[in-house]
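S.K.: Chains as they are written, first to last, in my numbering: chain A, 60 to 173; chain B, 1329 to 1442.
Following this message is one structure expressed as structure tokens.
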Amino acid sequence: EAAVTQSPRSKVAVTGGKVTLSCHQTNNHDYMYWYRQDTGHGLRLIHYSYVADSTEKGDIPDGYKASRPSQENFSLILELASLSQTAVYFCASSPDWGSSYEQYFGPGTRLTVL
Amino acid sequence: AQKVTQTQTSISVVEKTTVTMDCVYETRDSSYFLFWYKQTASGEIVFLIRQDSYKKENATVGHYSLNFQKPKSSIGLIITATQIEDSAVYFCAMRGDSNYQLIWGSGTKLIIKP
């Protein structure tokens, strides 16, 4: 029944390597988001998308790219992973950009960059 | 600038009692939405309850209710008859009409003791 899934759930990457995090939703939502959570902190928005083939920058886009090839899929790409990108990454979807609609979250991906 | 502040980093209460978690927000928007989310120990993030700024009545869902004090820019989360499984980190978040981004607080860790 999980409507937002993420893969992988955990990943160890080397500094300078390329990392791709994937998100798939079956909510039929137009909006999708990528957040980063650092230990003991809230969520920070990296990128979001409101339609396929289009992405927008959030609060902390530097060092990240995003791709939305279809309504259901949204990827986060780290072209050159760095130690500072070690964090847990959450994908979310919503039927509208904010408005009064809540966001539905995936289980998260724990990324460790060594 | 918009901001959400949760000053309580951790709260511990005995099971079956009532707990209140505080949240203060800053916004210049005349219309905005306030949300509370729960993050379990497994990392799962779940939407709990929402308050629309134009509504005077406090929102209630199950054993969750809100104490919305608009003049004080405050939105407290009240959990009655707490259960062990309520142990989690609770995040307050806000979206204003001018920004459309969800602004998150840093979270309050709730520990329910038997």
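Note that CB positions come from ideal geometry on N, CA and C, so glycine has one too.
Please check the pair A/Gln65 and A/Cys150, which I expect to be a contact at CB under 8 Å, by giving their CB distance rounded to whole angstroms.
M.R.: As a working mapping, residue 65 of chain A is identified with position 6 in the first sequence. As a working mapping, residue 150 of chain A is identified with position 91 in the first sequence. Right, the Cβ-Cβ distance comes to about 5 Å (below 8 Å), so this counts as a contact.
S.K.: Can you tell me which of B/Ile1440, B/Thr1436, B/Asp1414, B/Val1417 puts its alpha carbon nearest to the alpha carbon of B/Thr1458?
M.R.: With chain B covering only 1329 through 1442, there is no way to say anything about residue 1458 of chain B.
S.K.: Looking at B/Val1332 and B/Val1347, is the spacing between their C-beta atoms short of 9 Å?
M.R.: As a position in the second sequence, residue 1347 of chain B is number 19, starting the count at 1. As a position in the second sequence, residue 1332 of chain B is number 4, starting the count at 1. Not a contact, by the Cβ cut-off of 9 Å.
S.K.: If we define contact as Cβ-Cβ less than 9 Å, is A/Pro166 a contact residue for chain B?
M.R.: Mapped onto the first sequence, residue 166 of chain A falls at position 107. So, interface residue.
S.K.: In chain A, which residues lie with their C-beta within 9 Å of the C-beta of B/Arg1356?
M.R.: As a first step, residue 1356 of chain B is located in the second sequence; it is residue number 28 there, counting from the start. Residues of chain A passing the Cβ test: none, with the nearest at roughly 16 Å.
S.K.: Can you pull the chain B neighbours of A/Gln130, defined as C-beta to C-beta under 9 Å?
M.R.: The count along the first sequence starts at 1 and reaches residue 130 of chain A at position 71. By Cβ distance, chain B contributes nothing, its closest Cβ being about 19 Å from A/Gln130, past 9 Å.
S.K.: Give the range of the beta strand (DSSP E) segment to which B/Glu1372 is assigned.
M.R.: Within the second sequence, residue 1372 of chain B is the residue found at index 44, counting from 1. Where B/Glu1372 is concerned, there is no enclosing beta strand (DSSP E), given that its DSSP letter is neither H nor E.
S.K.: Would a C-beta distance cut-off of 9 Å place A/Leu173 and A/Val71 closer than the cut-off?
M.R.: Position 114 of the first sequence, counting from 1, holds the residue named residue 173 of chain A. Position 12 of the first sequence, counting from 1, holds the residue named residue 71 of chain A. Yes, they are a contact pair.
S.K.: Measuring CA to CA, which of B/Cys1420, B/Pro1442, B/Ile1431, B/Gly1433 is closest to B/Ile1377?
M.R.: Numbered from its first residue, the second sequence carries residue 1377 of chain B at position 49. Closest by alpha carbon: B/Cys1420.
S.K.: Among B/Asp1350, B/Ser1370, B/His1391, whose alpha-carbon lies nearest the alpha-carbon of B/Thr1410?
M.R.: To locate residue 1410 of chain B, count along the second sequence from 1; it is residue 82. It is B/His1391.
S.K.: Rounded to whole angstroms, how far is the Cβ of A/Pro154 from the Cβ of A/His88, which I believe are closer than 8 Å?
M.R.: Translated into the one-based positions of the first sequence, residue 154 of chain A becomes position 95. Translated into the one-based positions of the first sequence, residue 88 of chain A becomes position 29. With a Cβ gap of about 5 Å, A/Pro154 and A/His88 count as contacting.
S.K.: Helix or strand or just coil, what does DSSP make of B/Glu1354?
M.R.: Stepping through the second sequence from its first residue, residue 1354 of chain B is reached at position 26. Reduced to three states, the DSSP call for B/Glu1354 is strand.
S.K.: Does any residue of chain B have a CB that is nearer than 9 Å to the CB of A/Val147?
M.R.: Here residue 147 of chain A corresponds to residue number 88 of the first sequence, with the count starting at 1. Cβ-Cβ to chain B under 9 Å: yes for A/Val147.
S.K.: Would DSSP call A/Leu170 helix, strand or coil?
M.R.: For this step, residue 170 of chain A is matched to residue 111 along the first sequence. A/Leu170: strand per DSSP, three-state reduction.
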